[in-house]
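One structure is given here, and the rest of the page talks about it.
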Amino acid sequence: MKRKKVLFISSSGGHLAQLMHLKPLFERYDYHLVTEYLPCNEKLKEKYKVSFLLHGGRNNKFKYLFLFLFNAFKSLYILLREKPNVVITTGAHTAVPMCYLAKLFGKKVIYIESFAKVNTPNLSGKLIYPIADLFIVQWPELLKYYPKAKYLGGGLY
Numbered sequence: 130m131k132r133k134k135v136l137f138i139s140s141s142g143g144h145l146a147q148l149m150h151l152k153p154l155f156e157r158y159d160y161h162l163v164t165e166y167l168p169c170n171e172k173l174k175e176k177y178k179v180s181f182l183l184h185g186g187r188n189n190k191f192k193y194l195f196l197f198l199f200n201a202f203k204s205l206y207i208l209l210r211e212k213p214n215v216v217i218t219t220g221a222h223t224a225v226p227m228c229y230l231a232k233l234f235g236k237k238v239i240y241i242e243s244f245a246k247v248n249t250p251n252l253s254g255k256l257i258y259p260i261a262d263l264f265i266v267q268w269p270e271l272l273k274y275y276p277k278a279k280y281l282g283g284g285l286y
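Per this note's numbering, the very first residue in the sequence shown carries number 130; after that it's consecutive.
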């Protein structure tokens, strides 16, 4: 029986660290990991099936817009190449285009809100919430912002 293909995507840093707590799922599914390229992420290629998007902060709006558009097109390329059944993300901005593209192609989208977000939602969560098939929060306080979310108890990570 063919295993489901799952694409895991996040920005680098803390979002990636939280996503990597899900790596036991890499053994259960045919997986592909997508994150931003940084020199410290280069070593991921040694252990995982991974693709990189461009890294960019939001301090320069013009540069950020270019990077966002570039990453959206690269996300489309990765999505068409990998053909996942499900996209799982911990955010942030890097994951937004992939999630919308996945939904456009009829794929399931699962979003896990950052453990660091206790009282207020983050922007990627607000953007992905309307299209997520499953939206998980790790703090009950966030249910007031995301009433259809699932609180499975804290400490998924």
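We put the beta carbon where it would ideally sit given N, CA and C, even for glycine. Nothing here was measured: the structure is a model prediction, and the numbers come from that model.
Taking residue i as part of the beta strand (DSSP E), name the residues at either end of that continuous run.
i           : result
residue 139 : 134-139
residue 160 : 159-165
residue 238 : 237-241
Which residues does DSSP pair with residue i in a beta bridge?
i           : result
residue 280 : 266
residue 244 : DSSP lists no partner for residue 244.
residue 220 : 139
residue 180 : 163
residue 225 : According to DSSP, residue 225 bridges with nothing at all.
Tell me where the alpha helix (DSSP H) around residue i begins and ends.
i           : result
residue 204 : 190-211
residue 255 : 252-257
Would residue i pass as an interface residue toward chain C - the criterion being a Cβ-Cβ separation below 8 Å?
i           : result
residue 138 : Protein chain content of the structure displayed is limited to a single chain, and chain C is not contained in it.
Taking its Cβ as the centre, do 16 or more other Cβ atoms sit within 10 Å of residue i, making it buried, or is it exposed?
i           : result
residue 146 : exposed
residue 185 : buried
residue 160 : buried
residue 165 : buried
residue 181 : buried
residue 213 : buried
Comparing the CB of residue i with every heavy atom of the ligand FAD, is any distance shorter than 7 Å?
i           : result
residue 229 : No copy of the ligand FAD appears in this structure; indeed no ligand is present at all.
How many whole angstroms separate the CB atoms of residue i and residue j, which I take to be in contact at a CB cut-off of 8 Å?
i           : j           : result
residue 163 : residue 227 : 7 Å
residue 225 : residue 257 : 6 Å
residue 261 : residue 143 : The pair is not a contact, with the Cβ atoms about 20 Å apart (cut-off 8 Å).
Would you check if there are 3 or more beta carbon pairs closer than 8 Å linking the region 164-172 to the region 234-242? No: the two stretches stay apart, fewer than three of their Cβ pairs being nearer than 8 Å.
Decide yes or no for the touch test of the region 251-260 against the region 216-229: beta carbon pairs closer than 8 Å, at least 3 of them. The count of Cβ pairs closer than 8 Å, one atom from the region 251-260 and one from the region 216-229, reaches three, so the stretches are in contact.
Touch check for the region 192-212 and the region 239-251: three-plus C-beta pairs under 8 Å? Contact between the region 192-212 and the region 239-251 is absent, because fewer than three Cβ pairs lie under 8 Å.
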